[in-house]
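In my numbering, the protein residues as written are 1126 to 1604.
Written out as structure tokens, the structure is:
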């Protein structure tokens, strides 16, 4: 019997997503520990994490240096193989160099070979390191169940070795990957475990980095008071230690905090994101183009959103397209962040009244979310497209098509609020088309959902439509 790695409930071998928790099931987790775990994944996507990675390590090697070191390693590996020496350390270093080149297939191949070597030699610390690094690459390429599997293996080994600092790092990595699949409860649990360890062991730098990760969850949970305290402490620390990268990350989070605090704080949000772009420009010669774009994309996105709120259309479009370009620069194949930006661009065009463009961008966004199995976002995009067809393009047939596709997903997710709204909208369309039986069926279902939600106001509105239909066409309905 197979079990979902996220909710731990039984699953079928052929499922592509867990029908209990709706998380994607991409890989086979039944492999033995020493089995080669990666095949070629043509559909793998670069899904970078918007939480600090590599513990603020932004050191960059140019291609010539990497190639020279790889050639030297090949010679050392050939010699070690000839004399029957353990090659695990060399393979681990080789994997690291391929990672710097963004050559994930070769990085994975060498990590798996290193893992086999370390397991044969019972070198448990290096085995844990390999599992952690495998987890990071699988996370970055969108294979989250594999990432969780390897992080869990690393954590089990480190528990026995009592290596506190590495344990903190792996707990953070688990927090990261659960955050990426929107499991905020699990993400918070692992971040908080890591933070508790840092405080227990008086590890100030690790506490700063862990609390910075935790901020993302706290913003989602709207715990703004705790976010404010953490960011104030972190900014003081990074300023004192002259850590520009840490300052940039903290300023990004300040910008998001002010944005979500509402209209009175939009100017501060704007200043924070503008300051981020200025700071990134000061270190652009010290970091790779990938890191530069990863630092910039959110600032461009939120500056676009702010200009959109201020009705500055040309500036909004400029920043949103810059955000999309940044993601496509650091991404490999599709990136879920691309879906977020495409969705925002779609909203922009919808507000401008460019309905066909809006539909196109919502459709592009839907395609990205489909690749990552995000059913809720897929339903939301289809719902937005349906509203445009109904209210602006006035193509009722297309509106019905997209409403019904969205409805099927919302009902499967037990999202009664959205399901009720769509049933109500469908009822209105069918009334306009004089398809009164279909209209009544949808209104009755909408009333049922609103009753379950204890939304008396909307329930009574729909009830009024039902009664009006029965009075207008009394012979159309059967008791």
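Virtual Cβ for every residue (Gly too), placed ideally from N, Cα, C.
- Classified as buried, residue 1232 has 16 or more neighbouring CB atoms from the shown chains inside 10 Å of its CB.
- In this structure, 1385 is the residue among 1385, 1329, 1330, 1331 with its C-alpha nearest to the C-alpha of residue 1353.
- With respect to the C-alpha of residue 1334, the residue from 1300, 1505, 1279 having the closest C-alpha is 1300.
- No residue range can be given for residue 1366, since it is assigned to no alpha helix (DSSP H) and is classified by DSSP as neither H nor E.
- Around residue 1444, the same chain offers 1425, 1428, 1429 as residues with beta carbons nearer than 6 angstroms, after the five sequence neighbours per side are excluded.
- For residue 1454, the enclosing alpha helix (DSSP H) stretches over residues 1438-1455.
- Close CB contacts of residue 1408 within its chain, under the 6 angstroms cut and outside five residues either way in sequence, are with 1369 (chain order).
- Residue 1253 sits close to residue 1282, with the two beta carbons spaced by under 8 angstroms.
- Ranked by Cα distance from residue 1349, the options 1328, 1367, 1379 are led by 1379.
- Secondary structure note for residue 1306: it is in no alpha helix (DSSP H), with a DSSP letter that is neither H nor E.
- 1422 is the residue among 1422, 1416, 1435 whose C-alpha sits nearest the C-alpha of residue 1449.
- Between residue 1410 and residue 1376, the CB-CB gap reaches or exceeds 8 angstroms.
- A buried status is given to residue 1534, since no fewer than 16 other beta-carbon atoms sit within 10 Å of its beta-carbon.
- Counting the other CB atoms within 10 Å of its CB gives residue 1510 a total of 16 or more, which places it among the buried residues.
- The closest CA to that of residue 1279, considering only 1265, 1307, 1244, is found on 1244.
- For residue 1371, the number of other beta carbons within 10 angstroms of its own is at least 16, and it is reported as buried.
- Boundaries cannot be given for residue 1227, as no alpha helix (DSSP H) includes it and DSSP labels it neither H nor E.
- Within its own chain, the residues whose Cβ lies closer than 6 angstroms to the Cβ of residue 1447, once the five positions on either side in sequence are excluded, are 1425, listed in chain order.
- Separation of the CB atoms of residue 1471 and residue 1486 is rounded to 4 angstroms, and the pair is thereby assigned contact status at 8 angstroms.
- Residue 1275 and residue 1256 have their C-alpha atoms some 5 angstroms from each other.
- Taking 8 angstroms as the cut-off, the beta carbon of residue 1501 is found closer than this to the beta carbon of residue 1538.
- Between the alpha carbons of residue 1550 and residue 1521 lies a distance of about 11 angstroms.
- If you check the CB distance, residue 1313 and residue 1296 do not come in under 8 angstroms.
- Spanning the alpha carbons of residue 1219 and residue 1320 requires a straight line of approximately 32 angstroms.
- Between residue 1554 and residue 1524, the C-beta spacing is below 8 angstroms.
- Straight across, the Cα-Cα distance linking residue 1441 with residue 1482 is about 15 angstroms.
- Following the DSSP letters along the chain, one finds residue 1500 inside the alpha helix (DSSP H) bounded by residues 1500-1513.
- Taken atom to atom, the span from the alpha-carbon of residue 1202 to that of residue 1248 is near 19 angstroms.
- Leaving aside the five residues that flank residue 1332 on each side, the residues in its chain whose CB is nearer than 7 angstroms to its CB run, in chain order, 1320, 1323, 1324.
- With a 10 Å radius around the Cβ and a threshold of 16 neighbouring Cβ atoms, residue 1193 comes out exposed.
- Between the C-alpha atoms of residue 1413 and residue 1395 there is a straight-line separation of about 25 angstroms.
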